[in-house]
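Read through the structure below, which is laid out as structure tokens, and then see the notes.
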Amino acid sequence: MVKLLFLGRLEDVAGAAELSFPLREPAALADVLLMLPPVLAEALFGPKIKLALNGALIRAEGLTLTDGDELAFLPPVSGG
Amino acid sequence: MVKLLFLGRLEDVAGAAELSFPLREPAALADVLLMLPPVLAEALFGPKIKLALNGALIRAEGLTLTDGDELAFLPPVSGG
Amino acid sequence: MSAATTAQVRLALAPFDPAAELAAFAATHADAGGVVSFLGQVRAGEGVDALELRHFVPLTLPGMERLAHAAQARWALAGLLIVHRSGVMAPGEPIVLVAAAARHRRDAFVAVDYAMDHLKSDSWFWKRERVGGEWRWIEPRAEDHADLARWA
Amino acid sequence: MSAATTAQVRLALAPFDPAAELAAFAATHADAGGVVSFLGQVRAGEGVDALELRHFVPLTLPGMERLAHAAQARWALAGLLIVHRSGVMAPGEPIVLVAAAARHRRDAFVAVDYAMDHLKSDSWFWKRERVGGEWRWIEPRAEDHADLARWA
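Protein chains in written order, with my numbering: chain A, 82 to 161; chain B, 82 to 161; chain C, 115 to 266; chain D, 115 to 266.
Structure follows, in structure tokens:
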């Protein structure tokens, strides 16, 4: 299983705070996004969206997900 | 009577927080100071000492005291 | 004093009492002379029924701790306190409390100002408001980024 | 809101409770969003047994009130609180509390900073400390005047 987490307004776009699905073999992030509704995939791919893989910030370029990974999509912060 | 008030460290120089004495007729401040111990008069006449006559700030130049006046000597502040 | 021993940083998942926090902080730092604080609370009287802040466990508190250490490295502080709520808050409830104790009050003023600018626009919180029963996400403001640029 | 209705200025002749003051002030200004405060307390642990502040009734409180109005005229504040002790204080006891509530936190920060600089070096208080049983008057410091010059 891989788990995708949607923070902030991305939760509304996704309709859920997280999505989990099985992943038999490692897959490029771009390929994983293809499995999602186009509106959500587009929102997740925006230039201002940061990523955290298993709790650590990571760049989207060349990212590959493997079984057990948790990938969080972090829109711009607006806290405090 | 006129009353002289000594604020801050001037109280230590004067040995009291205030001094009162009778004043038959109006007198220039310089003449009043002559009635005080020289050490105190000198301390009260310093360039950094401000004056308040009956609670309002006033300049020393040309100041005359009359019966019933209260003159406060205010050294530099060091508050807060 | 090392930074590690003097920063108190907390992510509060339930309402906290800023007055009690400040009293304890000031008592702990009775040798410092001055305590500057900022308290942010949910604005009342603007039609906002509720405010929600969301955080992301792996990043939010560690980011606040890094911020505290950066402030302590930059200014001479006797102590620094950061308490930040996450969750749903009602109008008038505290959101964030930052307090700095210092021997020289200028250090405390600047450290709290710095911490607030960073908490507002460079920490891992997402905010939404409920107005008339409808939730809407709050986007970052240009003003927040301008505030942050003061410290670059 | 006019300045006259929103400044609370007090000369305290007995110990006061800064936490309670701040809690009441923040509750009163729940619509402001942000409250900045400065608390000055008698430094503990430096061999000072006691600190005394003296004031001059005709000038001290009126001067504090003028200062509050000047701050309110200069920045957009929802409220301003100034409480200043006079009398003999023990280490750890509060000397001064200044708090400003504002919609934009920068206004509150600057107003409290301004008020403190003026209270420290341009208000009618005289200070002495008792060290090892001996009282000594504190002279104004050059640093205080430099602080004041920032606002000219």
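Even for Gly, the Cβ is constructed at its ideal location relative to N, Cα and C.
- Annotation: Trp238(D) to Gln155(C) spans about 34 Å, alpha carbon to alpha carbon.
- Under the DSSP assignment, Glu166(D) falls in the beta strand (DSSP E) whose first and last residues are 162 to 169.
- Within chain C, Phe170, Pro172, Leu173 have C-beta atoms less than 8 Å from the C-beta of Ala133(A), given in sequence order.
- At a Cβ-Cβ threshold of 9 Å, Leu167(C) and Gln122(C) do not count as neighbours.
- Contact between the stretch 191 to 205 of chain D and the stretch 123 to 132 of chain D is present: 3 or more CB-CB pairs across the two stretches fall below 8 Å.
- Going by DSSP, Ala182(D) is part of no beta strand (DSSP E) but of the alpha helix (DSSP H) stretching over 174 to 188.
- Short of 8 Å from the beta carbon of Leu173(C), and not among the five residues preceding or following it, lie these beta carbons of its own chain, in chain order: Trp238.
- Within the stretch 190 to 203 of chain D, His198 place their CB atoms closer than 8 Å to a CB of chain B, listed in sequence order.
- Taking Val226(C) as reference, the option from Arg157(C), Gly148(C), Leu127(C), Gly161(C) with the minimal CA-CA separation is Gly148(C).
- Assignment of Thr147(A) by DSSP, reduced to helix, strand and coil, places it in the coil class.
- Assignment of Leu91(A) by DSSP, reduced to helix, strand and coil, places it in the helix class.
- Close CB contacts of Leu175(C) within its chain, under the 6 Å cut and outside five residues either way in sequence, are with Leu125 (chain order).
- Beta-bridge partners of Trp238(D) (DSSP): none assigned.
- Your pair Gly201(C) and Ala144(D) does not check out as a contact, with CB atoms roughly 19 Å apart and the cut at 8 Å.
- At a Cβ-Cβ threshold of 9 Å, Leu85(A) and Leu100(A) count as neighbours.
- Annotation: the stretch 237 to 266 of chain D contains the following complete segments of the alpha helix (DSSP H) (minimum length 4 residues), in chain order: 256 to 263.
- One alpha carbon belongs to Leu165(D), the other to Arg217(C), and they sit about 17 Å apart.
- Apart from sequence neighbours up to five positions away, the residues of its chain that approach Thr145(B) with a beta-carbon distance below 8 Å are Pro107, Ala108, Ala109, Leu110, ordered along the chain.
- In the same chain as Ala140(C), and ignoring 5 residues on each side of it, the C-beta atoms closer than 7 Å to its own belong to Val149, in chain order.
- Nearest CB-CB separation between Gly161(C) and chain D: not below the 9 Å threshold.
- Proximity of Pro129(D) to chain C, defined by a Cβ-Cβ separation below 9 Å, is not satisfied.
- Proximity of the stretch 152 to 160 of chain B to the stretch 180 to 190 of chain C falls short of the contact definition, fewer than three beta-carbon pairs being nearer than 8 Å.
- For Glu248(D), the closest C-alpha among the options Met230(D), Gly161(D), Leu127(D) is that of Gly161(D).
- By the neighbour-count criterion, in which a residue is buried when 16 or more other Cβ atoms sit within 10 angstroms of its Cβ, Ala95(A) is buried.
- Ranked by Cα distance from Asp236(C), the options Arg180(C), Pro129(C), Val171(C) are led by Arg180(C).
- Residue-level contact check: Arg90(B) touches chain D, since one or more beta carbons of chain D fall below 9 Å from its beta carbon.
- Counting along the chain, no alpha helix (DSSP H) covers Ala216(D); the unbroken beta strand (DSSP E) around it starts and ends at 208 to 216.
- At the C-beta level, Asp163(C) and Arg250(C) stay beyond 9 Å of one another.
- For Leu191(D), the secondary structure class from DSSP, reduced to helix, strand or coil, is coil.
- Within chain D, the residues Ala133, Leu136 have their CB atoms less than 7 Å from the CB of Leu136(C), given in chain order.
- Neighbours of Ser235(D) in chain C, taken as residues at a C-beta separation under 8 Å, are lacking, since the least C-beta distance is about 12 Å.
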